[in-house]
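**Q** Residue 105 in my numbering sits at position 105 of the sequence shown; the count goes up by one each step and never skips. No residue lacks a Cβ here, since even glycine has one placed at the ideal position from N, Cα and C.
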Amino acid sequence: MKLTYYGHSCFAVEVKGKKLVFDPFITPNELAENIKLEDIEADYILITHGHQDHIADAVELAKHTRAKVISNFEIIEWLASQGIEGGHPMNHGGAFDFDFGKVKYVNAVHSSSFPDGSYAGNPGGFIIMGGGKNFYFAGDTALTLDLQLIPKFAKLDLAILPIGDNFTMGVDDALVAADFIQCNKVMGVHYDTFGYIRIDHEAAQKKFADAGKELILLDIGKSMDF
Ligand code: NI
Ligand code: MN
Numbered sequence: 001m002k003l004t005y006y007g008h009s010c011f012a013v014e015v016k017g018k019k020l021v022f023d024p025f026i027t028p029n030e031l032a033e034n035i036k037l038e039d040i041e042a043d044y045i046l047i048t049h050g051h052q053d054h055i056a057d058a059v060e061l062a063k064h065t066r067a068k069v070i071s072n073f074e075i076i077e078w079l080a081s082q083g084i085e086g087g088h089p090m091n092h093g094g095a096f097d098f099d100f101g102k103v104k105y106v107n108a109v110h111s112s113s114f115p116d117g118s119y120a121g122n123p124g125g126f127i128i129m130g131g132g133k134n135f136y137f138a139g140d141t142a143l144t145l146d147l148q149l150i151p152k153f154a155k156l157d158l159a160i161l162p163i164g165d166n167f168t169m170g171v172d173d174a175l176v177a178a179d180f181i182q183c184n185k186v187m188g189v190h191y192d193t194f195g196y197i198r199i200d201h202e203a204a205q206k207k208f209a210d211a212g213k214e215l216i217l218l219d220i221g222k223s224m225d226f
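(1) Can you grab the Cα-Cα spacing for the pair A80 / G87, in whole Å?
(2) Quick check on the DSSP output: the beta strand (DSSP E) that includes I216 runs from which residue to which?
(3) Alpha carbon to alpha carbon, how far is I76 from D57?
(4) Per DSSP, which one or two residues make a beta bridge with S9?
(5) Leaving out five residues before and five after N166 in sequence, what residues of the same chain have Cβ atoms less than 6 Å from its Cβ?
(6) Cβ-heavy atom distance between T168 and the ligand MN below 8 Å?
(7) Measuring alpha carbon to alpha carbon, tell me which of E14, T4 and H49 ends up nearest D99.
(8) Is S118 near the ligand MN - that is, is its Cβ less than 8 Å away from at least one heavy atom of it?
(9) Assuming P115 and A138 make a contact with CB atoms under 8 Å, what is their CB distance in whole Å?
(10) Pull up the distance between the alpha-carbon of T168 and that of A142, whole angstroms please.
(11) K222 to Y5, Cα distance in whole Å?
(12) Hey, could you find the ends of the alpha helix (DSSP H) A80 is sitting in?
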């Protein structure tokens with residue numbers, strides 16, 4: 001399964017021939033200046049919560065790709081008010097079978113409001129089960145005991161976890177999270193974009209390696225198979 005990283009918490013995964021783009025935040029991200037939003041294709045756009053650094057390019061991307069947006073109820077309603085109709089609303093604990101596989105929207109411990117300050121529902125993460133692989137994107141979350149539920153829903157091939165600290169869990173807590181979700185292959189996101197979340201890449205990867213786990217830090221614009 002092919003994953004391409006677009007910086008911060010934005011990436012795309014191809015599942016059963018469908019392109020899923022997560023948390024589109026490209027044009028405001030100086031580190032992603034070589035990524036052109038208009039070049040990105042999407043059949044689905046999945047949004048974990050309403051913060052600017054996860055939703056900034058959602059309307060534009062949905063407009064030019066005509067992708068279906070999957071998110072919580074409040075975000076789908078807000079997008080409809082911006083002219084993006086036909087989104088698929090979900091809420092915590094719910095799963096749904098799409099043409100590429102099953103999506104379960106799970107809890108995240110964080111906050112969620114729109115760039116204008118209005119209520120954006122509760123923040124979440126997604127478990128994607130399709131194309132013979134399962135992966136989990138945590139969105140923005142603290143380390144929480146709820147993560148122990150994830151292995152009851154799916155045996156994961158990859159987990160995409162925030163590691164930048166300050167606004168979300170950091171590297172040490174992500175190591176514990178990897179134990180809770182029973183997945184030793186982790187891709188780090190939500191780091192380096194702002195001053196508060198810069199990390200030492202080598203030190204982070206060494207911590208994972210010392211614990212018998214893998215921390216993947218993809219360069220922006222690069223792809224990998226998992
Ligand atoms: Ni956030
Ligand atoms: Mn964030």
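**A** Taking the geometry as given:
(1) Stepping through the sequence shown from its first residue, residue 80 is reached at position 80. Stepping through the sequence shown from its first residue, residue 87 is reached at position 87. Using only the alpha carbons, I get a separation of about 8 Å.
(2) Working through the sequence shown from its first residue, we reach residue 216 at position 216. E214 to I216 is the extent of the beta strand (DSSP E) around I216.
(3) Stepping through the sequence shown from its first residue, residue 76 is reached at position 76. Stepping through the sequence shown from its first residue, residue 57 is reached at position 57. In a straight line, the C-alpha of I76 is about 14 Å away from that of D57.
(4) Along the sequence shown, one-based indexing puts residue 9 at 9. The partner list for S9 (beta bridge, DSSP) is empty, contrary to what the question assumes.
(5) Here residue 166 refers to the residue found at position 166 when the sequence shown is read from its first residue. Y196 and I197.
(6) Residue 168 sits at position 168 when you count from the first residue of the sequence shown. T168 Cβ: within cutoff of the ligand MN.
(7) Counting from 1 along the sequence shown, the entry for residue 99 is found at position 99. Looking only at E14, T4 and H49, the smallest Cα-Cα distance to D99 is reached by E14.
(8) Numbered from its first residue, the sequence shown carries residue 118 at position 118. S118 Cβ: outside cutoff for every heavy atom of the ligand MN.
(9) Reading the sequence shown from its first residue, position 115 is the one you call residue 115. Reading the sequence shown from its first residue, position 138 is the one you call residue 138. Not quite, the Cβ-Cβ distance comes to about 22 Å (not below 8 Å), so this is no contact.
(10) Within the sequence shown, residue 168 is the residue found at index 168, counting from 1. Within the sequence shown, residue 142 is the residue found at index 142, counting from 1. T168 and A142: Cα-Cα distance of roughly 5 Å.
(11) Numbered from 1 along the sequence shown, position 222 holds the residue referred to as residue 222. Numbered from 1 along the sequence shown, position 5 holds the residue referred to as residue 5. Near 6 Å, if we compare the C-alpha coordinates of Y5 and K222.
(12) Within the sequence shown, residue 80 is the residue found at index 80, counting from 1. Where A80 is concerned, the enclosing alpha helix (DSSP H) stretches over F73 to S81.
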